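Residue numbers (our numbering), protein chains in the order written: chain S, 279 to 1009; chain Z, 90 to 226. No residue lacks a Cβ here, since even glycine has one placed at the ideal position from N, Cα and C. Quantities reported herein were computed from a predicted structural model and do not represent experimental measurements.
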Amino acid sequence: MNRLGAAILLALLLGLAAILLVNLDSDATKVLGPDGQIGAGLDTPSGRAMTVAVIGPDRNARTNAALSLVDQLRTDPMVSRVNDPIYTNALMDWVWENRLTLAPPPAEAVTSDAMAETLRRAADSFDNFAEAPLAPRYLLDPTGSFRRIIKNLSHGAPDLTLHNGILQSRDDSASLIFITLAAEPFEVARQSTLNADIQAAVAATGHIALIVGPRPTSAQISTRIGHRATISAGVATILLLGWLIWLTRSASGLLRVLLPIAIGVGAAALMVQALFGAVHVLALGFGGALMGLAIDYPIHLISHSTEPQIRKARRWILLGAITTAIAFLAITVAGIEALTQIGVFVATGLVGAAATCLWLGSGFAAGRLRPAGWHPSSILMPHPVSTLAGVALIAGVALWLSPSGKPSSMVKIPGSVKADITRMGQLQDLPSGRLRIEVTGKNLTELLRAQKQLQPVLDAAQVDQVLGRWQMLVDLIPFSDVAPPTPNNVTKNLPDALAQAGLATTFAAEVSEAYTAAYTTAAAPKPIPIDLLEGSGLGTLIWRENDVLTGTVHLWNVQDPGTLAQAVIGMNNPNIRFVNQQIRIFEQLRKLTTTVLQSLGIGAVLALIFLALFRRDALQIAIATAAATALTALIISLVTGTLGIFQIVALVLVTGIGIDYGLFLRNDDDEQAFQVAASSVTRCAVTTLIAFVTMAFSGVTVLQNIGMTVSVGVLAMLVAHLLRMPRRGRG
Amino acid sequence: MRYTEELYHPALLAPRTSRGEMELASNGDLIRRQSWPKVEESRIGQDFVTVIRDGASNLLPIPDQMRPWIETLRSLLTKGELPPQAEFEQIGDGKSWRFVQKFDGQQIALLGCGSDLQQIEFRQPDQTRRVLIFQAP
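Shown next, in the form of structure tokens:
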């Protein structure tokens, strides 16, 4: 078997092993670090909430359609709950146990007269169909805490009408179904299937389904990105293959260009799988970026035709791959797993591709490819290196001084998805998804106490028309910050109270026992079970992470977020904070960008030191590369308003490409060697541009960012390194 | 169908009594019209109850502990038979009969004579006992 055959076999084996062994991972927390809450939000109760609006003019018809869908969803393994009662029986049990914490009775509630009145009303509840199931508990609660909580919770239920057990939208145009998805990791494919099933089931009844929720919306956006990316990749592949076929003019030549990339990507995927137990989709996505670099190696090799030229080309390919690998490996110091994986993936892939390329050789006879033969530097630039250093300096200073805009979003939400969310908000009067106040506490009393302190601040904001309205847990329960009366104080008056109410005094022992149990619970509260909160109507108002309880304050019609934020800050309570989700995401992205930039700076220094060991003109290569990188960054920053995380990582790729160009274009080469090198670099640039210009027009923000940055960067690198060349005589 | 309901609980010295009528709406809702001691209408759907009392309407989920009771009533009124999933045990023989079903600390007993259902008794774990006595039209 010749080397080409062996390489084909190796590529097939690696591909097979990757298919069998590689587990794909899309955990967003691995991108944003442990503090990231963007992706982690999909695993909270709110993240698993999902609402379906069945839209249609006839209330009966759409309600029947909604009822059928509810039946269908109840058997779906992805669904945990559908249209559950707002306040579940489990929640009622918890409220019963914790009634003295949630609504401690005042001292005057334990007099004989007061308790007699409470017990009389409790007995009367038996005559009320709605209250009768609760009456036995009312009778065991002579201070009336439980009854007061239930009354408040009833008033806090959503203000929507009900038809045949299905809540109707405010404008009576839709039937609403509230779903809690099962507590499983978010998977785009499964969620997309569920979305499609719902759409199909509702469409079959002649109605329209509107599906909104963090998971269905994320799946919708991801699917859209996937479709566009597939189209973009398809177009790029066709154009690239056409270009490479024209360039190599033979099947074996084409294989020699493609096999190193295939082997590099396969080896990289397996290496990341072995080290991390899974391959993050971002790391795999950078396999495409890896192509941009690795495809240059065989093109360099086949562009050099004489034996000495090929020997040098082999050396520069290896040196370029190792230098770029060092720069990419430095990204691992950021401590963010997805970026670490990208570093390992690209480094392994580049070295693997370069090694394969060198092992395979060009396979071409000498003089197979003609040099491009153009040389602009002798006309344009009398002092190229100092001029390029000036460009790098000016562009760098301009970047430093330019106002820092909002970090660009990782994903742009399509207009149709935004319209769906707005429509759903109109249907059921949703609170702001961007603004909220979070109140934390080590226990329920601490949390409710802090929310109680917040109430006057929110009242004042409402009076000043800063805020429309709000809802928080303490608004739903009659909490007061007083210690409940002791069991003795209650027990001593019980027989008299029962007698006054016309009830059996023999029941006093049971009442006393129930009160003592509630008093003990209030004195030593247990952590709130997470399952209980998730399944209840309180799930969006209070949640627990480890030992900290967080109560969300939902806000409606916030007219002046700045003033409201200042009012909350003015409380000087570390347990209360105003949250602007958009700013929080921007801050996380900014932090991430800074971390990545710092690690890349370290990588650049290490790469330069390594390069200096093998090339005397390392500094000149670095200056030209830095000039082109800074210029690209400035152009992209001016065009898009800021540098996002993907643009920065794309700049690293551009830098790697630039170092490669610099390695091939040497100052002390003669005219013929220079022309061969310039031709080789130009071919590589065209190849890279074909792939990345297509990406720039994909219509997907992430791909556009990478595509535009690499395209501008490659052009800047080509010009910078050609201009770096000194004037030389034309022989 | 007219009824009298007696409710027993250890705290009560005497059972609380209520009266009214029951009927089945065309959409399957069970309608309970209480006329005494206080006028109240309850429309019992599959998952929710609408209670109209003192001119105000209140929507509530059906408590789990009430479901067997309501399902039995609905099935009897709709089809004149017991719910298909229920496994009632016949006690006694002859003209009078008594079917009993026990589950999760609860018990539903149906008492009849010949082809007439006369009473339904529902015992709950919270020590409450309801007896629904149907009256001849």
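Chain Z contact for residue i (CB, 8 Å cutoff)
| i | result |
| --- | --- |
| G1052/S | Here chain S comprises residues numbered 279 to 1009, so residue 1052/S is not present and cannot be evaluated. |
| D405/S | yes |
| F424/S | no |
| A792/S | no |
| F456/S | no |
| A795/S | no |
| F464/S | no |
Buried or exposed (CB count within 10 angstroms, at least 16 for buried), residue i
| i | result |
| --- | --- |
| W125/Z | exposed |
| R862/S | exposed |
| C202/Z | exposed |
| W524/S | exposed |
| F606/S | buried |
| E94/Z | buried |
| H999/S | buried |
| G719/S | buried |
| E409/S | buried |
| E129/Z | buried |
| F137/Z | buried |
| A908/S | buried |
| I297/S | exposed |
| G542/S | buried |
| D405/S | buried |
| A802/S | exposed |
| V480/S | buried |
| T784/S | exposed |
Nearest residue (CA-CA) to residue i, options the options
| i | options | result |
| --- | --- | --- |
| L571/S | V954/S, F975/S, R1002/S and I937/S | I937/S |
| M302/S | L560/S, Q982/S and I755/S | Strictly speaking, residue 302/S in this sequence is Leu, with Met absent from that position. Nearest of L560/S, Q982/S and I755/S to L302/S, Cα basis: L560/S. |
| L454/S | K429/S, V357/S, D419/S and L705/S | L705/S |
| A792/S | G555/S, V348/S, S346/S and W374/S | W374/S |
| A951/S | S581/S, R701/S and L596/S | S581/S |
| I614/S | V535/S, T872/S, R399/S and R359/S | T872/S |
| P463/S | L397/S, M356/S and T508/S | M356/S |
| N721/S | A800/S, L941/S and D707/S | A800/S |
| R868/S | F924/S, R855/S, A392/S and I333/S | F924/S |
| N376/S | A845/S, T798/S, A608/S and G829/S | T798/S |
| W748/S | T618/S, G711/S and R398/S | G711/S |
Where residue i sits in the DSSP three-state scheme
| i | result |
| --- | --- |
| L916/S | helix |
| Q446/S | strand |
| M90/Z | coil |
| H485/S | coil |
| E210/Z | strand |
| E465/S | coil |
| G780/S | coil |
| R502/S | helix |
| S451/S | coil |
| S583/S | coil |
| E160/Z | helix |
| G325/S | coil |
| R281/S | helix |
| E409/S | coil |
| D947/S | coil |
| M849/S | coil |
| V836/S | coil |
| L921/S | coil |
Proximal residues of chain C, C-beta to C-beta of residue i below 7 Å
| i | result |
| --- | --- |
| G780/S | Of the chains in the structure shown, none is chain C; the protein chains are S and Z. |
Chain S residues whose Cβ lies nearer than 9 Å to that of residue i
| i | result |
| --- | --- |
| V138/Z | F407 and A408 |
| T217/Z | F404, A410, P411, A413 and P414 |
| R142/Z | N406, F407 and A408 |
Proximal residues of chain Z, C-beta to C-beta of residue i below 7 Å
| i | result |
| --- | --- |
| F856/S | Result: empty, since nearest Cβ-Cβ is about 34 Å, beyond 7 Å. |
CB contact below 8 Å: residue i versus chain S
| i | result |
| --- | --- |
| K127/Z | yes |
| R156/Z | no |
Contact set between residue i and chain Z, taken where Cβ atoms lie within less than 9 Å
| i | result |
| --- | --- |
| A401/S | H98, A100, L101 and R105 |
Amino acids of chain Z, ordered along the chain, whose beta-carbon sits closer than 8 Å to that of residue i
| i | result |
| --- | --- |
| F785/S | P99 and A100 |
| L417/S | H98 and A100 |
Residues that residue i contacts on chain S, provided the C-beta gap is smaller than 8 Å
| i | result |
| --- | --- |
| S131/Z | F407 and A408 |
Partners in chain S for residue i, counting only beta-carbon separations shorter than 7 Å
| i | result |
| --- | --- |
| R121/Z | F407 |
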